[in-house]
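Okay, structure first, notes after.
Residue numbers (the working numbering): 1007 to 1407.
Okay, here's the thing in structure tokens:
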């Protein structure tokens, strides 16, 4: 830079740390300011800086801002409310971030019908052999410690948009009951009733640990283990990951070994990937707009006219088995057409919807794993990755099926 060049600004303030000392330089246009004014400004700056330093040094604990916790859209006042709310319960916030679109959908439905158990998931295991209850509980807490998503709650009050909050630490107790003295008939009834009550208990998304374990001892060396969790936390893919980790940790603790399991990528990395993808391009949106262009119908299943609109939604399942003969025929079609069995089933469902609705163009949703993100170790991550995408089945006059 030439010594003869003119300053762009009337006042320039530059800072530099040299040998551990902060040096501030105030450069100014002497035609605009006199020396006394600049001295006054620099002294005021120094005094205020020292006041800020002294205030920070006097704090016993570091106070984090929303940006430090991962959410720059949260205000300081909102963060203060959340900190106060959870510190009173002995919980310290580690991260705060937005919900994925799928999580937002689940939260919406959960709040719309708080009595519904649609997103309450249960997995029942039968274990044979003696178990160490204390080690079982330690192992379960180690799994919760391992995965951030398992220490997460979902807040929707006192915030502009719903947020998920990860706590630094959260521990739980395993519910245990011994029903081995009951008759076989009473045991079955007790277990069925226990599972039903566990489901009725549900979860509070804003305060509860959204995963729990219960153990019922049914015989000397036989146990029924009930894993319950809210679907907003994770999908079915994750259950095997968690269970494998749990029994691996349990085995190592039983043998008094130090726990050795591979590190995992936290769910927040997936949130960041989604947000970056949204900022960078809208190719995905353009693709789906094109895919669904000119579709105006709504495909449905004929239902009884006796059903009222205000009736609550309750999830039920109907399972059936396709016999070997029909399965072999389907497999031959799969081989001939070089498609997957899933494609065949989707085509059949699409044709059925066409006939129900007397139309030749239908759209329905199908669930995909959602683990196509370019994130290292995504196949071992725990969280909600599934997504529902539209499948369009369109036929024309003269086509056979």
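The beta-carbon is built from N, C-alpha and C at its ideal position, and this holds for glycine as well. No experiment lies behind these values; they were computed from the predicted model shown.
Taking the CB atoms as reference points, tell me whether residue i and residue j lie closer together than 8 Å.
{"i": "residue 1138", "j": "residue 1260", "result": "yes"}
{"i": "residue 1369", "j": "residue 1240", "result": "no"}
{"i": "residue 1125", "j": "residue 1237", "result": "yes"}
{"i": "residue 1169", "j": "residue 1104", "result": "yes"}
{"i": "residue 1149", "j": "residue 1221", "result": "no"}
{"i": "residue 1176", "j": "residue 1215", "result": "yes"}
{"i": "residue 1159", "j": "residue 1211", "result": "yes"}
{"i": "residue 1333", "j": "residue 1352", "result": "no"}
{"i": "residue 1143", "j": "residue 1227", "result": "no"}
{"i": "residue 1164", "j": "residue 1258", "result": "no"}
{"i": "residue 1217", "j": "residue 1235", "result": "yes"}
{"i": "residue 1363", "j": "residue 1306", "result": "yes"}
{"i": "residue 1398", "j": "residue 1385", "result": "no"}
{"i": "residue 1117", "j": "residue 1099", "result": "no"}
{"i": "residue 1106", "j": "residue 1280", "result": "yes"}
{"i": "residue 1020", "j": "residue 1035", "result": "no"}
{"i": "residue 1178", "j": "residue 1146", "result": "yes"}
{"i": "residue 1224", "j": "residue 1180", "result": "no"}
{"i": "residue 1132", "j": "residue 1230", "result": "yes"}
{"i": "residue 1171", "j": "residue 1271", "result": "no"}
{"i": "residue 1033", "j": "residue 1018", "result": "yes"}
{"i": "residue 1365", "j": "residue 1303", "result": "yes"}
{"i": "residue 1038", "j": "residue 1016", "result": "yes"}
{"i": "residue 1071", "j": "residue 1082", "result": "yes"}
{"i": "residue 1205", "j": "residue 1299", "result": "no"}
{"i": "residue 1309", "j": "residue 1232", "result": "no"}
Within 10 angstroms of the Cβ of residue i, are there 16 or more other Cβ atoms? Answer buried if so, exposed if not.
{"i": "residue 1095", "result": "exposed"}
{"i": "residue 1101", "result": "buried"}
{"i": "residue 1253", "result": "exposed"}
{"i": "residue 1360", "result": "buried"}
{"i": "residue 1128", "result": "exposed"}
{"i": "residue 1109", "result": "buried"}
{"i": "residue 1069", "result": "exposed"}
{"i": "residue 1219", "result": "buried"}
{"i": "residue 1297", "result": "exposed"}
{"i": "residue 1276", "result": "buried"}
{"i": "residue 1268", "result": "exposed"}
{"i": "residue 1273", "result": "buried"}
{"i": "residue 1244", "result": "buried"}
{"i": "residue 1242", "result": "exposed"}
{"i": "residue 1077", "result": "buried"}
{"i": "residue 1328", "result": "exposed"}
{"i": "residue 1086", "result": "exposed"}
{"i": "residue 1155", "result": "buried"}
{"i": "residue 1080", "result": "buried"}
{"i": "residue 1324", "result": "exposed"}
Ends of the beta strand (DSSP E) at residue i?
{"i": "residue 1225", "result": "1217 to 1225"}
{"i": "residue 1184", "result": "1181 to 1184"}
{"i": "residue 1230", "result": "1228 to 1236"}
{"i": "residue 1388", "result": "From DSSP, residue 1388 is part of no beta strand (DSSP E); its letter is neither H nor E."}
{"i": "residue 1056", "result": "That residue, residue 1056, is in no beta strand (DSSP E); its alpha helix (DSSP H) goes 1041 to 1064."}
{"i": "residue 1111", "result": "That residue, residue 1111, is in no beta strand (DSSP E); its alpha helix (DSSP H) goes 1107 to 1118."}
{"i": "residue 1023", "result": "1017 to 1024"}
{"i": "residue 1029", "result": "1027 to 1034"}
{"i": "residue 1333", "result": "Here residue 1333 belongs to no beta strand (DSSP E); instead the alpha helix (DSSP H) covers 1330 to 1343."}
Over the uninterrupted alpha helix (DSSP H) stretch that includes residue i, give me the two end residues.
{"i": "residue 1291", "result": "1289 to 1297"}
{"i": "residue 1404", "result": "Taken as a continuous stretch (DSSP letters only), residue 1404 belongs to no alpha helix (DSSP H), as it is neither H nor E."}
{"i": "residue 1149", "result": "1139 to 1152"}
{"i": "residue 1349", "result": "1347 to 1363"}
{"i": "residue 1245", "result": "1242 to 1260"}
{"i": "residue 1281", "result": "1274 to 1286"}
{"i": "residue 1196", "result": "1190 to 1207"}
{"i": "residue 1073", "result": "1072 to 1075"}
{"i": "residue 1410", "result": "The structure shown does not extend to residue 1410, since the chain spans only 1007 to 1407, so no value can be given for it."}
Per DSSP, residue i forms a beta bridge with which residues?
{"i": "residue 1099", "result": "1173"}
{"i": "residue 1396", "result": "1371"}
{"i": "residue 1307", "result": "None; residue 1307 has no bridge partner."}
{"i": "residue 1158", "result": "1172"}
{"i": "residue 1129", "result": "1233"}
{"i": "residue 1134", "result": "1228"}
{"i": "residue 1104", "result": "1169"}
Would the C-beta of residue i count as close to the ligand SAH, meaning under 7 Å from any of its heavy atoms?
{"i": "residue 1352", "result": "The ligand SAH is not part of the structure shown, which contains no ligands of any sort."}
- Query: Using 8 Å as the threshold, is the region 1333 to 1351 in touch with the region 1383 to 1398, meaning 3 or more CB pairs across them?
  - Reply: By the criterion of at least three beta-carbon pairs nearer than 8 Å, the region 1333 to 1351 is not in contact with the region 1383 to 1398.
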